[in-house]
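Asker: Here the protein sequences come in this chain order: C and P.
Its first residue numbered 1, the first sequence is counted upward by one per residue in UniProt numbering.
Its first residue numbered 1, the second sequence is counted upward by one per residue in UniProt numbering.
Yeah, the Cβ is synthetic: ideal placement off N, Cα and C, and Gly gets one too.
2 protein chains.
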Amino acid sequence: MSAIRSRRAPTKGDQREQALVDAARAVFRDKPISQVTIDELAGAAGITRSGFYFYFESKQALLAALVDQGIAEADLEMAEWLASDGLDRDALRRSLAAGLARWKVDGRWLREAFLAPDPGPDVMQVRDRLVDKGCTLFSTRIQRDARAGLTVGGPPALLARMAVNLRSTMFAEVYADPAAFDEDEVLDTLTDAILRLVYGVSPAPTPR
Amino acid sequence: MSAIRSRRAPTKGDQREQALVDAARAVFRDKPISQVTIDELAGAAGITRSGFYFYFESKQALLAALVDQGIAEADLEMAEWLASDGLDRDALRRSLAAGLARWKVDGRWLREAFLAPDPGPDVMQVRDRLVDKGCTLFSTRIQRDARAGLTVGGPPALLARMAVNLRSTMFAEVYADPAAFDEDEVLDTLTDAILRLVYGVSPAPTPR
DNA sequence: AAGATTTTCAACGCGGTGTCAAAAGCCAAA
DNA sequence: TTTGGCTTTTGACACCGCGTTGAAAATCTT
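(1) Determine whether the Cβ of P155 of chain C lies closer than 8 Å to any Cβ atom of chain P.
(2) I think Y199 of chain C touches L150 of chain C, with their Cβ atoms under 8 Å apart; what is that distance to the nearest whole Å?
(3) Would DSSP call G149 of chain C helix, strand or coil?
(4) In this structure, does DSSP put K31 of chain C in helix, strand or coil?
(5) What residues in its chain sit with their C-beta under 7 Å from that of M170 of chain P, if we drop five residues either side in the sequence?
(6) Can you confirm whether G200 of chain C, when its beta carbon is compared against all beta carbons of chain P, has any partner nearer than 8 Å?
(7) Locate the alpha helix (DSSP H) running through S50 of chain P, then write down its first and last residues.
(8) Output needed for D68 of chain P: all residues of its chain with C-beta closer than 8 Å, excluding positions within five of it in sequence on either side, in chain order.
(9) What residue does the alpha helix (DSSP H) around P178 of chain C start on, and which one ends it?
(10) Flag this pair as touching only if the region 109 to 119 of chain C and the region 62 to 78 of chain C have three or more C-beta atom pairs under 8 Å; answer yes or no.
(11) Kindly indicate if chain C contains any beta-carbon less than 8 Å away from that of A83 of chain P.
(12) Confirm, please, whether the CB-CB distance from L195 of chain P to R25 of chain P is below 8 Å.
(13) In the DSSP assignment, the alpha helix (DSSP H) including D39 of chain P goes from what residue to what residue?
(14) Check this for me: beta carbons of Q60 of chain P and D122 of chain P, under 8 Å apart or not?
(15) Would you call the CB atoms of C135 of chain C and A160 of chain C closer than 8 Å?
(16) Can you find a C-beta in chain P that's less than 8 Å from the C-beta of M78 of chain C?
(17) Under a CB-based cut-off of 8 Å, is E183 of chain P close to chain C?
(18) Just list the alpha helix (DSSP H) runs in the region 72 to 155 of chain C, keeping only unbroken ones of 4 residues or longer that don't cross its boundaries, in chain order.
(19) Who are the near neighbours of F28 of chain P in its chain, counting only those whose CB is closer than 7 Å to its CB and skipping five residues on each side?
(20) Exposed or buried, what is L96 of chain C when buried is set at 16 or more other beta-carbons lying within 10 Å of its beta-carbon?
(21) At a Cβ threshold of 8 Å, is E57 of chain C touching chain P?
(22) Quick test of your reading: A91 of chain C and E77 of chain C, contact by CB under 8 Å. State the CB separation rounded to the nearest angstrom.
(23) Can you tell me where the alpha helix (DSSP H) holding V186 of chain C begins and where it ends?
(24) Using alpha carbons as the reference points, say which of C:A74, C:D145, C:R102, C:R144 lies closest to R129 of chain C.
(25) Interface residues of chain P around S34 of chain C at Cβ under 7 Å?
(26) Against chain P, with Cβ distances strictly below 8 Å, would E17 of chain C count as a contact?
(27) Measure the beta-carbon distance from F138 of chain C to A176 of chain C and round it to whole angstroms, keeping in mind my assumption that it falls under 8 Å.
(28) DSSP state of T169 of chain C, grouped into three classes?
(29) Our contact map puts L20 of chain P next to F56 of chain P with C-beta atoms below 8 Å; I'd like the distance itself, whole angstroms only.
(30) By how many angstroms is the C-alpha of D182 of chain C removed from the C-alpha of P155 of chain P?
(31) Is it buried or exposed for residue 227 of chain C, if we count other Cβ within 10 angstroms and need 16 for buried?
(32) Which residues, in chain order, does the region 135 to 166 of chain P contribute to contact with chain C at a C-beta distance below 8 Å?
(33) Shortest alpha-carbon distance to K104 of chain P belongs to which of P:D14, P:D30, P:E17?
(34) List, in order along the chain, the chain P residues whose C-beta lies closer than 7 Å to that of A193 of chain C?
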């Protein structure tokens, strides 16, 4: 990938590389990734098609880099909830809301990265790393609550995975067809769903 | 699609068409659909590449036909649970088990059909039809139970969608990496998860 | 057996991919 | 300033898979 080449200085080339990632983020918003041509990506970053290959070996590799940069953002989103304890409904809802907001903007490539069947080896690697990380964090939070006697039981790793999957798929659906959903309703229901999934109960929503 | 042409007799051509669908089902088991070439599909059905276009206009169209034939099977799977009432844990678990068994075999194209971001317009149409149907059936069952005071509340349509998504994504994950999961554990947890999602509680599992 | 219809195939052009070797730009040491 | 070694950029090329076309072959009608 790019990690091998890019050592030392922020040379001209590194800027271009970043420009490509940024360009991709923008271009991927407009049309299905499978329909985006390398020529297009290169053009958006101001270089020719064959120049592209100097920086990435394929469209997938570029997508992988893009996803890789998304880690930090995703971490921030769930941070509040992960740091809290027990059934902090409001914290969870806020975290979910942040996630949905991001999906509404970058849903196209998020979907490709996290839901697509075979996004190529490059993306796969990054995807697995990210998903594992997210699930692990969630899972340890569940275990912590389990020790406090708050949860309803069940294997924490699986429950975490289900919660994460539930989250992404619903976000993806909202992205795909925003008109079909009432966002607040989705967030409320999703919050309750996750709480019930893990703790068996969902506290009465605080009046909004 | 194919519906226009195929009226009347099961002519030679109709057999070939079915042969293509069957061939596809088999070929799709072996490798990612995006890597399957039309030439390969045609060859597996005993015709040349250009012959393929006499029957389907694209790989996606063929996939759509394949998915279309899968309706009946999917319906059978969930029939028992949908016909039952309230928290029939065993019925739900059996229905889920049947689904998982099918995904373990045909997960490749099921995933492509139900989880892929943009599987082309042909598949999209069939997919939406099927998903809607599944969600609606589930949703009416929830409403029925809601009237009986069994559920915990929340918009039935959304809950149904979540349950269906939860199901497919977990099945997909098991298909993708069977070694990483204990099937029984997945089924138990998934059963409880859905029950908690809709009814707020999951009854103690009947001893196995 | 003649015509009409259905099915098969070989050949073509198109568009996107990935590779390569040569050219151009850059920078630092002599 | 010139030189030599790097990084970056480019145009040309071969390849592969797609979808079309038009005509030949097989099959079905009477």
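Answerer: On the basis of the supplied data:
(1) Translated into the one-based positions of the first sequence, residue 155 of chain C becomes position 155. Output row for P155 of chain C: interface = yes.
(2) As a first step, residue 199 of chain C must be located in the first sequence, where it is residue number 199. As a first step, residue 150 of chain C must be located in the first sequence, where it is residue number 150. Contact flag correct, Cβ pair sits at about 6 Å.
(3) Position 149 of the first sequence, counted from the first residue, corresponds to residue 149 of chain C. If DSSP states are grouped into helix, strand and coil, G149 of chain C belongs with coil.
(4) For the purposes of this step, residue 31 of chain C is taken as the residue at position 31 of the first sequence. In this structure, K31 of chain C counts as coil in the three-state DSSP scheme.
(5) Position 170 of the second sequence, counted from the first residue, corresponds to residue 170 of chain P. Result list for M170 of chain P: V186, L190, in chain order.
(6) One-based indexing of the first sequence puts residue 200 of chain C at position 200. So, interface residue.
(7) Here residue 50 of chain P refers to the residue found at position 50 of the second sequence. It spans 49 to 55 - the alpha helix (DSSP H) in which S50 of chain P sits, taken as one unbroken run.
(8) As a working note, residue 68 of chain P is residue 68 in the second sequence. For D68 of chain P, where only same-chain residues beyond five positions count, the Cβ hits under 8 Å are V126.
(9) The residue labelled residue 178 of chain C in the question sits at position 178 within the first sequence. Careful: P178 of chain C lies outside any alpha helix (DSSP H) and carries neither H nor E.
(10) yes
(11) Working through the second sequence from its first residue, we reach residue 83 of chain P at position 83. Chain C, which has no Cβ nearer than 8 Å to the Cβ of A83 of chain P, makes this no.
(12) For this step, residue 25 of chain P is matched to residue 25 along the second sequence. For this step, residue 195 of chain P is matched to residue 195 along the second sequence. No, they are not a contact pair.
(13) To locate residue 39 of chain P, count along the second sequence from 1; it is residue 39. Segment 38 to 44, the alpha helix (DSSP H) holding D39 of chain P.
(14) One-based indexing of the second sequence puts residue 60 of chain P at position 60. One-based indexing of the second sequence puts residue 122 of chain P at position 122. Result yes, Cβ atoms of Q60 of chain P and D122 of chain P sit closer than 8 Å.
(15) Counting from 1 along the first sequence, the entry for residue 135 of chain C is found at position 135. Counting from 1 along the first sequence, the entry for residue 160 of chain C is found at position 160. Against a cut-off of 8 Å, the Cβ pair of A160 of chain C and C135 of chain C comes out as a contact.
(16) Stepping through the first sequence from its first residue, residue 78 of chain C is reached at position 78. Chain P, which has no Cβ nearer than 8 Å to the Cβ of M78 of chain C, makes this no.
(17) The residue given as residue 183 of chain P occupies position 183 in the second sequence. No, E183 of chain P lies away from the interface with chain C (no Cβ there is under 8 Å from its Cβ).
(18) 89 to 114, 120 to 147
(19) The count along the second sequence starts at 1 and reaches residue 28 of chain P at position 28. Closer than 7 Å at the Cβ level, and outside the excluded window around F28 of chain P, lie V36, R108, W109.
(20) Taking the first sequence and counting its residues from 1, one reaches residue 96 of chain C at position 96. Per the 10 Å Cβ criterion, buried.
(21) In the first sequence, counting from the first residue as 1, residue 57 of chain C sits at position 57. Output row for E57 of chain C: interface = no.
(22) Along the first sequence, read from residue 1 onward, the residue named residue 91 of chain C stands at position 91. Along the first sequence, read from residue 1 onward, the residue named residue 77 of chain C stands at position 77. A91 of chain C to E77 of chain C, Cβ: 12 Å. No contact.
(23) For this step, residue 186 of chain C is matched to residue 186 along the first sequence. It spans 183 to 199 - the alpha helix (DSSP H) in which V186 of chain C sits, taken as one unbroken run.
(24) Position 129 of the first sequence, counted from the first residue, corresponds to residue 129 of chain C. It is C:A74.
(25) Position 34 of the first sequence, counted from the first residue, corresponds to residue 34 of chain C. The answer, in chain order, is D118.
(26) Your numbering for residue 17 of chain C matches position 17 in the first sequence. Chain P, which has no Cβ nearer than 8 Å to the Cβ of E17 of chain C, makes this no.
(27) Indexing the first sequence from 1 puts residue 138 of chain C at position 138. Indexing the first sequence from 1 puts residue 176 of chain C at position 176. Not a contact, Cβ separation roughly 24 Å.
(28) Sequence index remark: in the first sequence, residue 169 of chain C carries index 169 (1-based). Looking at T169 of chain C - three-state DSSP - the assignment turns out to be helix.
(29) Here residue 20 of chain P is taken as the residue at index 20 of the second sequence, counted from 1. Here residue 56 of chain P is taken as the residue at index 56 of the second sequence, counted from 1. That pair is a contact at about 7 Å.
(30) Within the second sequence, residue 155 of chain P is the residue found at index 155, counting from 1. Within the first sequence, residue 182 of chain C is the residue found at index 182, counting from 1. Each residue's alpha carbon lies about 11 Å from the other.
(31) What the structure shows of chain C is the stretch from 1 to 208, and residue 227 of chain C is not part of that stretch, so it cannot be assessed.
(32) V152, G154, P155, L158, L159, R161, M162, N165, L166
(33) The sequence position of residue 104 of chain P within the second sequence is 104, counting from 1. Closest option to K104 of chain P, Cα to Cα, is P:D30.
(34) Within the first sequence, residue 193 of chain C is the residue found at index 193, counting from 1. M162, L197, listed in chain order.
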